[in-house]
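This report refers to the structure that appears directly beneath it.
Residue numbers (my numbering), protein chains in the order written: chain A, 120 to 572; chain B, 124 to 430.
Encoded structure:
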């Protein structure tokens, strides 16, 4: 049975086949004609959509609600709702005051959207919980801290690490409290989802984040439930330090070389999940592309301690047939292998024009993102420019590219970029997955401007 | 007017013991009690439960911290509408009462019967005071703003060490009366009658949400193995400021009280709120990991960890 397969994999036991866990967040709504906002706010629509995911994609495990803004909303962040994405955070209550929120703000079962989520968890558990492992997703302590404090948190990490540690520990208390609620509601796996961890150096992670994350995973284990650490972005350098925090599993996206990462997770006997490319393959690819992506992963790795998943939350408009093809390939790899034997993926080459950087009047900052609203690391990279744009607007311009738009995918390829988000200045890669400080960014733009003159 | 007494002192110094003695001494008078604890679980409330006493429990922070100060004010105003003659307030272990005069000014403007602040009794643990004093600014304020300081657990320290503690206390607060006791044994009525309210400038409390220690609660609906429980708690006590609670064990119901190097489990025959042990961490969020790793065997099966 699927549920047992996921639990076995996360307990590091041998499995008969590799388990399949699709991350259908807002995409679940698409299957029933609902918007992202509708299913993230209406329990009946969410449940109906999740049951459709379960029927159509035959998952061994699945998340109930993929929304990293639930906790932030309760703590006073304003949200910007969207039809085809989870909401994004548009205001940061601690942006102007460097304080720790009151303990009285730690969510209760009555706070925000929690009653609705617990209701859906219980109903889904009753309907499919015996055969499918259910994942409760909580916002990781560092991403939550950044939701509260905004981009200032990156400067705080340099100037006031004690404050960041205190804020992350506070957010860990929230993470533990949310896990507690979800465990009580019957979740088999608690996933701590912290996309931003990929943006921080291992040294800073150990100084400010590790204790909190470790406490969260230890707490989940103490309750007899399994844990997973979801990250997105290029977390290759962070995998080792993430393993030391002792989760049962780690899940990564297409920015990470799964083979290299699995060598590290295997040393710690931690299960790894991933990493079917979200947009190029799941959203824009064909059924054969999707089968090939799965077979390539499965054929390049040892199947012990492995789960097949999309790299992160699936795009809203992912064609259902592509996900079905993934499910087929995971469950019947021999058939899939035959179907793609002579298939080579066709690269969708749209003509794009690369600017003549040298002859532009102003410096051009180009932000290549997965999705500037949905991917937290991308949001912070874009904000690092928009926050200071007033200071450089006379000498620079900026453009944002999104990896779910065909032209932008072609441009990203043509620029030879391998990881997102990446910031280029006048066509040169400057920051890959790392968010520059204000001083660093302004300094670099001025340097390019001087060179032009 | 309602006579108001504040009891301060670090975790485990003996505040609840003194409160119990005060309640026994004043059993024929109308008394109200406010108990302020850090954790969510009201352990002290169970310890002083007594029929007919209006008891307000304010948990999850210090009453002097902005986070629950509003609830504290509401409790004071509500109790002013009752017919009590005395109000005893047991502050949390890390309470900094610097802003007590300011709080009472606000309360008295809205109270049905005003409060007469008789002063604060600060209880100091003779054995641990010197260790914690430099670490925790609230301890300085507790001593500095008290009318009487009780140096408790005097039997646990050498004479020289006791003299050092007294000298430190004198330096912090030259005008306070100092009583040296064991198990808070003293002439309670006299202590209350002679209590003075030192005329000090009020200040800002150092209690902020940031200075609040992390607490972890262990609970269970099963009968726990007493020996394993003791071993486990002994293993983590060095990382805790305080361990306190009740547990149903195979040796009967026990009251658990731990402090730094001491841990005792005593038979308990009072009302039993269910197994609940509050641990106040001295190592921040890491306490969750220490507890999770320390629990094993039958105890791990039966104990639920929460915040």
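Even for Gly, the Cβ is constructed at its ideal location relative to N, Cα and C.
Query, Result
"Coil, strand or helix - residue 203 of chain B by DSSP", "coil"
"Bridge partner(s) assigned by DSSP for residue 365 of chain B", "B:403"
"Neighbourhood of residue 261 of chain A by C-beta distance below 7 Å, restricted to the same chain and skipping five residues each side", "287, 313, 315, 316, 328"
"Cutoff 8 Å: residue 265 of chain A Cβ touching any chain B Cβ", "no"
"Inter-residue spacing [alpha-carbon to alpha-carbon] between residue 443 of chain A and residue 129 of chain A", "24 Å"
"Nearest-angstrom Cα separation, counted from residue 296 of chain B out to residue 252 of chain B", "15 Å"
"Proximal residues to residue 179 of chain A (C-beta, below 6 Å), its chain only, five neighbours per side dropped", "121, 124, 125, 138, 139"
"DSSP three-state assignment for residue 336 of chain A, whether helix, strand or coil", "helix"
"For residue 418 of chain B and residue 627 of chain A, the rounded distance between their alpha carbons", "Outside the shown range of chain A (120 to 572) lies residue 627 of chain A, about which nothing can therefore be said."
"With 16 other Cβ atoms within 10 Å as the buried cut-off, status of residue 530 of chain A", "buried"
"Positions along the region 341 to 369 of chain A whose CB lies within less than 8 Å of some CB in chain B", "341, 342"
"Identified DSSP bridge partners for residue 139 of chain A", "A:427"
"Rounded C-alpha distance that separates residue 483 of chain A from residue 567 of chain A", "9 Å"
"Contact with chain A by residue 399 of chain B, beta-carbon distance below 8 Å", "no"
"Distance between residue 438 of chain A and residue 145 of chain A (C-alpha atoms, nearest Å)", "13 Å"
"Expected contact under 8 Å - CB spacing of residue 250 of chain B and residue 279 of chain B to nearest Å", "5 Å"
"Identified DSSP bridge partners for residue 518 of chain A", "A:485"
"Cβ-based neighbour list, residue 227 of chain B, same chain, cut-off 7 Å, excluding 5 preceding and 5 following", "238, 240"
"Close-in-space but distant-in-sequence residues of the same chain around residue 235 of chain B (CB under 7 Å, 5 per side omitted)", "203, 204"
"Reduced DSSP secondary structure (H/G/I, E/B, other) of residue 417 of chain B", "helix"
"Per-residue DSSP class, three states only, for residue 268 of chain A", "helix"
"Stretch pair the region 382 to 390 of chain A + the region 407 to 414 of chain A: three plus CB contacts closer than 8 Å", "no"
"Given residue 354 of chain B as reference, the closest of B:263, B:304, B:429, B:423 once Cα atoms are compared", "B:423"
"CB contact check: residue 265 of chain B to chain A, cutoff 8 Å", "no"
"8 Å Cβ cutoff, residue 340 of chain B in contact with chain A", "no"
"CB contact check: residue 261 of chain B to chain A, cutoff 8 Å", "no"
"Minimum Cβ-Cβ distance from residue 416 of chain B to chain A less than 8 Å", "yes"
"Pair within 8 Å by beta-carbon distance, residue 370 of chain B and residue 398 of chain B", "yes"
"Residue 158 of chain B, enclosing beta strand (DSSP E) - first and last residue", "154 to 159"
"Within chain A, partners of residue 337 of chain B - CB distance below 8 Å", "288, 292"
"Helix, strand or coil at residue 365 of chain A [DSSP, three-state]", "coil"
"Member of A:422, A:457, A:424, A:383 whose CA lies at the smallest distance from the CA of residue 407 of chain A", "A:457"
"First and last residue of the uninterrupted beta strand (DSSP E) at residue 531 of chain A", "No beta strand (DSSP E) contains residue 531 of chain A, which is instead part of the alpha helix (DSSP H) from 525 to 533."
"Spatial distance of residue 119 of chain A from residue 300 of chain A (CA atoms)", "For residue 119 of chain A there is no data in the structure shown, the boundaries of chain A being 120 and 572."
"Per-residue DSSP class, three states only, for residue 559 of chain A", "helix"
"Distance CB(residue 554 of chain A)-CB(residue 142 of chain A) smaller than 8 Å", "no"
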